[in-house]
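Accompanying notes for the structure given below.
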Amino acid sequence: MDLSLTETQEMLRNTARDFLKRECPWTTVKEIDESETGFSPDLWGKIAELGWLGMIFPEEYGGMDSTLTDLAVIYEEMGQALLPGPYFSSAMLCGSIIHELGTDEQKKQLLPAIAQGEKILTLALTEPDYGWGPECIHLSATPNGGSFVLNGTKRFVHDAQIANQLLCVARTGESSNPADGITLFLVDKESAGLSSRNLSGFLGEKLNEVTFNSVEVPAANVLGEVDKGWSALNNPFNRAIVILCAYMVGGCQHLLDRTIEYAQTRIQFGRPIAAFQWVQGYIIGQANHLEKARWLTYEALWKMDTDKPQREQDEAVSLAKAVTSDAFHECGHLGHEVHAGVGVDKKYPLYLYSKKAKTLYSYLGDPYFHRMRVAQALEL
Amino acid sequence: MDFEFHYTEEQEEFRKEVRAFIEENAYKEPLTVVDPMIIPPEMWNKGREIQRKLGAKGWYAPGYPKEYGGGGMDREHRAVLAEEFARIRLERRWPVASAGSTEVSAIHSSGLMAFGTEEQKRRFLPRLLKGEWYGFQAFTEPDAGTDEASMKSTAVRDGDVYVVNGTKVFVGHSPPPIHPDYLYWPAVTDPTAPRHENISAFFIPGDLPGITYTPLDLIAAEGSKWEVTCEDVRCPAECLIGEENKGWLVTQATLAAEHGGGGVIIPQRGSLVLRFIDYCKKTLRNGQPISKDPAIQDILVQLYIEDRVTRLWGLRNFAMAQGQIPRVRYTGTQTALHNKRFSPQLGKAFMDILGPHCLIDDPELKILIGEVEHQVRLADVTHIGGTPETQQIMMSRGLGLGRGAARNAG
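So the sequences go chain by chain: D and G.
Positions in the first sequence are counted from 1; adding 103 to them yields my numbering.
Positions in the second sequence are counted from 1; adding 121 to them yields my numbering.
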């Protein structure tokens, strides 16, 4: 047993920490957050140059063959800095799906472009019948000669405002098992009949509704097998979710550190509020959430990297997401309890974190969804 | 990162040796006693006999220095021992009194190790670390619980002895009528000195005239508990631990060791939570397993999460003690606090899922040989080793809050 980071991981962490401290202070995060695209081409280019986007892809597709834990070390730092942008959507989530399901040709065409940041992809999965299970996929794809015609609506699509391509999860067949008859399509954002609108709301960060009105997609853009798309998503989802958890763990750590610092320096009744036991209790709550999330996430990373049996991987990833979603949200809320008025002022960064925690809470499955997935893994 | 222990051939050979010893000494059939307050004296005595055998092999306090009676073993060998003892305890074939590796009197040695004179160490440590002596940690008093420093016990020097007076409560483990070999007893030696600078610690021989032992009748505890009174007990002066009036430091070192800062290895399989999950999968209600109810599934998974956290934090603390990862000051108390908060959650889950079935230990109807009923009682007993609120205060200090914060702000 050895829970230390490797030398490479230590180095990656230091590089990421230094880079983000320099290039992505919270004022930059706020600026990006308030921009229409939620995207900084400058940062995107620099990070592509650092090689973070394609790190876990095989070398032949422009990557570095890194482990998930290597990448998680960087995502934890990204979460600390709250780096905004389609990094996760494009490189991690869509990249993993393409890596898992793509033909050699598709991989050659897409993965290096994703790694270099030339293409931005995002996943279009959830719909007005919101949920992360296969029963929630209704958008239809009907064969028509050498192509498919897509009709329906995808709601709460992250980063669609900046993506070039959507990875759309569509229904191609109906049967008693909702997991059958689901197919994945690569759809150009500029396709005729496709329209996207940004959903307003202070909290919902860059969430979009994408409408497919007889959008024609060539059969060559099918990813994986027709009708068999759902089960194929399981492993790339596991990989992506655990990386998302690492980002949220970084967010939790930042919230704890910031709240401690504030409590030590904010004076009321003639002493720092850190001296009050109620305040201490809130901060202890943050530390407890953080450490639960951190170690369940690390264990899940290890189980994925060492290719433990499928049941164990599914269980570990869902344990991590169930706890980490909760942890990030609670760390944010408890941070607000301690900061009171200062925390709601946009001149102070706390709200950016608590807002992000709310967006990621349900992304790729909320805590209840994942607890039920654990129940399944435990064969309850 | 690697969350698994890997062993060399030599270490696996050692495991065989440990297993052979355990099989030679263990009960052949699983025990049915779950409540440590009511274990039979003959089982206690068997446990003590095993502890002395372990001590002779250096396996009672395997991580402590050899020259003082410990095992002087490295962490891999200690992990093997811990795993094997955990395994036999889970099979319920090991006497309750014998926790296996590091036990109470080894924990009592921490203060002595840190603050004792060389002469004191030579006199006491071998007896403690070889499991020859069994003692009560006599800290709590009727009017000094969480505020331990306000103790009223006194020890007055009179020639070669200290004359000790006072009462301690909620102490010990041994079932009546078994008394301890010694009492680890702090008392006020300078009533005029400030708090924390007025106390000395003693190992008082357990059979001195003037000591009265009264068993307590409690709802639940981690062993039988006693009230002990000293009335003009003449304790030899050589039983002082560390210097006079430095006893507060001695007892704090012991408490730090007791609170598990060094990390523990908890086996993945066989915890009460896992056994309960298994019970719910195998037990039918209205013709289907209890675990098929989605509301119950959610409760079970939440228990499973907390159980997993307990195990992971044990590994984390262990890795920290080994210097694998940077030390974070609050992790020891965080683990203790987590266990204290989890116990009531588990008790409540039993009530929600089992209803009145969790309240009985009827020989025919008790669940998991009565462990469920026992846990529901234990759920209200969160103060052992310090209330959760005390743990919170200590954790706050570790986080740089409280006292530290006041100092920093000047």
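Just so you know, even glycine gets a beta-carbon here, dropped at the ideal spot from N, CA and C.
Open item on the list: Quick check: what's the CA-CA separation for residue 451(G) versus residue 459(G)?
Closed with: Within the second sequence, residue 451(G) is the residue found at index 330, counting from 1. Within the second sequence, residue 459(G) is the residue found at index 338, counting from 1. Those two C-alpha atoms are separated by around 12 angstroms.
Open item on the list: Quick check on DSSP: helix, strand or coil for residue 441(D)?
Closed with: Residue mapping note: residue 441(D) aligns to position 338 of the first sequence, counting from 1. Helix, per DSSP.
Open item on the list: When you compare the CB positions of residue 265(D) and residue 141(D), do they come within less than 8 angstroms of one another, or not?
Closed with: For the purposes of this step, residue 265(D) is taken as residue 162 along the first sequence, with counting starting at 1. For the purposes of this step, residue 141(D) is taken as residue 38 along the first sequence, with counting starting at 1. The answer is yes: Cβ separation under 8 angstroms.
TODO: Give the residues from the stretch 416-430 of chain G that approach chain D closer than 9 angstroms (Cβ to any Cβ), ordered along the chain.
DONE: Those residues of the stretch 416-430 of chain G that come within reach of chain D (Cβ to Cβ, closer than 9 angstroms) are 417, 418, 419, 421, 422, 423, 425, 426, 427, 429, 430.
- [ ] Check the DSSP bridge columns for residue 77(G) and list the partner residues they point to.
- [x] Here chain G has residues from 122 to 531 only, and residue 77(G) is not among them.
Open item on the list: Check for me: the beta strand (DSSP E) holding residue 447(D) runs from which residue to which?
Closed with: Counting from one through the first sequence, the residue named residue 447(D) turns up at place 344. Judged by DSSP secondary structure, residue 447(D) falls outside any beta strand (DSSP E); it is assigned neither H nor E.
Open item on the list: Quick check: the Cα distance between residue 221(G) and residue 198(G), rounded to an integer number of angstroms?
Closed with: One-based indexing of the second sequence puts residue 221(G) at position 100. One-based indexing of the second sequence puts residue 198(G) at position 77. Residue confidence for residue 221(G) is low, a pLDDT of 46 falling below 50, so the modelled location carries little weight and cannot support an answer.
- [ ] Spell out whether any CB of chain D is found under 8 angstroms from the CB atom of residue 222(G).
- [x] Position 101 of the second sequence holds residue 222(G). Because the pLDDT at residue 222(G) is just 43, under 50, the model does not fix this residue reliably, and the value given afterwards should be weighed accordingly. Not an interface residue.
TODO: Taking a Cβ distance cut-off of 8 angstroms, strictly less, list which residues of the stretch 436-468 of chain G are near chain D, in chain order.
DONE: Listed in sequence order: 436, 437, 439, 440, 445, 446, 451, 452, 455, 458, 459.
Task: Amino acids of chain D, ordered along the chain, whose beta-carbon sits closer than 8 angstroms to that of residue 521(G) - done: In the second sequence, counting from the first residue as 1, residue 521(G) sits at position 400. Ordered by position in chain D, the residues that pass the 8 angstroms Cβ test against residue 521(G) are 363, 367, 377.
Task: Assumed close pair residue 465(G), residue 503(G) - CB separation to whole angstroms, cut-off 8 angstroms - done: As a first step, residue 465(G) must be located in the second sequence, where it is residue number 344. As a first step, residue 503(G) must be located in the second sequence, where it is residue number 382. With a Cβ gap of about 7 angstroms, residue 465(G) and residue 503(G) count as contacting.
TODO: Indicate the three-state DSSP secondary structure (helix, strand or coil) for residue 291(D) in the structure shown.
DONE: On the first sequence, position 188 is the one that residue 291(D) refers to. Looking at residue 291(D) - three-state DSSP - the assignment turns out to be strand.
Open item on the list: Distance cutoff 8 angstroms, beta carbons only. Does residue 128(G) sit that close to anything in chain D?
Closed with: In the second sequence, counting from the first residue as 1, residue 128(G) sits at position 7. With respect to chain D, the C-beta atom of residue 128(G) has no partner C-beta closer than 8 angstroms.
Task: Counted within 10 angstroms of its Cβ, other Cβ atoms place residue 473(D) as buried (16 or more) or exposed - done: Residue numbering aside, residue 473(D) sits at position 370 when the first sequence is read from its first letter. Residue 473(D) counts as buried, since at least 16 other C-beta atoms from the protein chains shown sit within 10 angstroms of its C-beta.
- [ ] Check whether the stretch 426-436 of chain D touches the stretch 459-468 of chain D, taking contact to mean three or more Cβ pairs, one atom from each stretch, closer than 8 angstroms.
- [x] Contact holds: three or more Cβ-Cβ distances are below 8 angstroms.
Task: Distance between residue 289(G) and residue 179(D) (C-alpha atoms, nearest Å) - done: Stepping through the first sequence from its first residue, residue 179(D) is reached at position 76. Stepping through the second sequence from its first residue, residue 289(G) is reached at position 168. Roughly 50 angstroms separates the two Cα atoms.
TODO: Could you name each continuous beta strand (DSSP E) segment of 3 residues or more that falls completely within the stretch 321-360 of chain D, going from the start of the chain to the end?
DONE: Listed in chain order, there is nothing to give.
Task: Contact list for residue 458(D) against chain G, beta-carbon separation under 9 angstroms - done: Here the question's residue 458(D) lines up with position 355 in the first sequence. The CB of residue 458(D) never comes closer than 9 angstroms to any CB in chain G; the least such distance is about 25 angstroms.
- [ ] Name, please, each residue of chain D whose Cβ falls closer than 7 angstroms to the Cβ of residue 124(G).
- [x] As a position in the second sequence, residue 124(G) is number 3, starting the count at 1. Simply 104, 402, 405.
TODO: Compile a chain-ordered list of the residues in the stretch 171-197 of chain D whose CB is closer than 7 angstroms to at least one CB of chain G.
DONE: Answer set for the stretch 171-197 of chain D: 172.
- [ ] For residue 215(G), name the three-state secondary structure that DSSP assigns.
- [x] The count along the second sequence starts at 1 and reaches residue 215(G) at position 94. Residue state, collapsed to three classes: coil.
Open item on the list: Measuring straight from C-alpha to C-alpha, what distance separates residue 200(D) and residue 327(D)?
Closed with: Sequence index remark: in the first sequence, residue 200(D) carries index 97 (1-based). Sequence index remark: in the first sequence, residue 327(D) carries index 224 (1-based). Within the model, the alpha-carbon separation for residue 200(D) versus residue 327(D) is close to 9 angstroms.
- [ ] Could you spell out where the alpha helix (DSSP H) holding residue 380(D) opens and where it closes?
- [x] Locating residue 380(D) in the first sequence gives position 277, where the first residue counts as 1. Per DSSP, residue 380(D) is one residue of the alpha helix (DSSP H) stretching across 380-408.
TODO: Starting from the C-beta of residue 119(D), find all residues in its chain whose C-beta is less than 6 angstroms away, skip the five residues before and the five after it, and write them out in chain order.
DONE: The residue given as residue 119(D) occupies position 16 in the first sequence. For residue 119(D), where only same-chain residues beyond five positions count, the Cβ hits under 6 angstroms are 177, 180.
- [ ] Reducing DSSP to helix, strand and coil, say where residue 410(G) ends up.
- [x] As a position in the second sequence, residue 410(G) is number 289, starting the count at 1. Reduced to three states, the DSSP call for residue 410(G) is strand.
TODO: Kindly say whether residue 165(G), judged by its beta-carbon, lies nearer than 8 angstroms to any beta-carbon of chain D.
DONE: The sequence position of residue 165(G) within the second sequence is 44, counting from 1. Interface annotation, residue 165(G): not in contact with chain D, CB-CB separation never under 8 angstroms.
TODO: Please go through the same chain and pick out, in chain order, the residues whose beta-carbon is closer than 8 angstroms to the beta-carbon of residue 366(G), but skip the five residues on each side of it.
DONE: On the second sequence, residue 366(G) is found 245 positions in, with the first residue counted as 1. Closer than 8 angstroms at the Cβ level, and outside the excluded window around residue 366(G), lie 310, 311, 314, 318, 319, 320, 321.
Task: DSSP-derived helix/strand/coil call for residue 427(D) - done: Residue numbering aside, residue 427(D) sits at position 324 when the first sequence is read from its first letter. In the three-state reduction of the DSSP assignment, residue 427(D) falls in the helix class, which pools H, G and I.
Task: DSSP state of residue 135(G) mapped onto helix, strand, coil - done: In the second sequence, residue 135(G) corresponds to position 14, counting from 1. Here residue 135(G) sits in helix by DSSP.
Task: Local conformation of residue 468(G) per DSSP, three classes - done: Numbered from 1 along the second sequence, position 347 holds the residue referred to as residue 468(G). Reduced to three states, the DSSP call for residue 468(G) is helix.
Open item on the list: Taking the alpha carbon of residue 387(D) as the reference point, which residue from 495(G), 515(G), 194(G) has its own alpha carbon closest?
Closed with: Taking the first sequence and counting its residues from 1, one reaches residue 387(D) at position 284. When each option's Cα is compared against that of residue 387(D), the closest is 515(G).
- [ ] With DSSP as the reference, please indicate the residues paired to residue 227(D) in a beta bridge.
- [x] As a first step, residue 227(D) must be located in the first sequence, where it is residue number 124. Bridge pairing for residue 227(D): 271(D) [DSSP].
Open item on the list: Check whether chain G comes within 8 angstroms of residue 338(D), counting only Cβ atoms and requiring the distance to be less than that.
Closed with: Here residue 338(D) corresponds to residue number 235 of the first sequence, with the count starting at 1. It does not: the Cβ of residue 338(D) has no partner Cβ on chain G nearer than 8 angstroms.
TODO: Would you verify that the beta carbon of residue 124(D) is, or is not, closer than 8 angstroms to some beta carbon of chain G?
DONE: Sequence index remark: in the first sequence, residue 124(D) carries index 21 (1-based). In terms of beta-carbon proximity, residue 124(D) stays away from the interface with chain G, with every pair separated by 8 angstroms or more.
Open item on the list: Suppose you measure from the CA of residue 401(G) to the CA of residue 349(D); what does that come to, to the nearest Å?
Closed with: If you number the second sequence from 1, residue 401(G) lands on position 280. If you number the first sequence from 1, residue 349(D) lands on position 246. One alpha carbon belongs to residue 401(G), the other to residue 349(D), and they sit about 33 angstroms apart.
Task: Nonlocal neighbours in the same chain, by C-beta distance under 6 angstroms from residue 409(G), ignoring five residues either side - done: Start at 1 with the first residue of the second sequence, and residue 409(G) comes out as number 288. Here the set comprises nothing.
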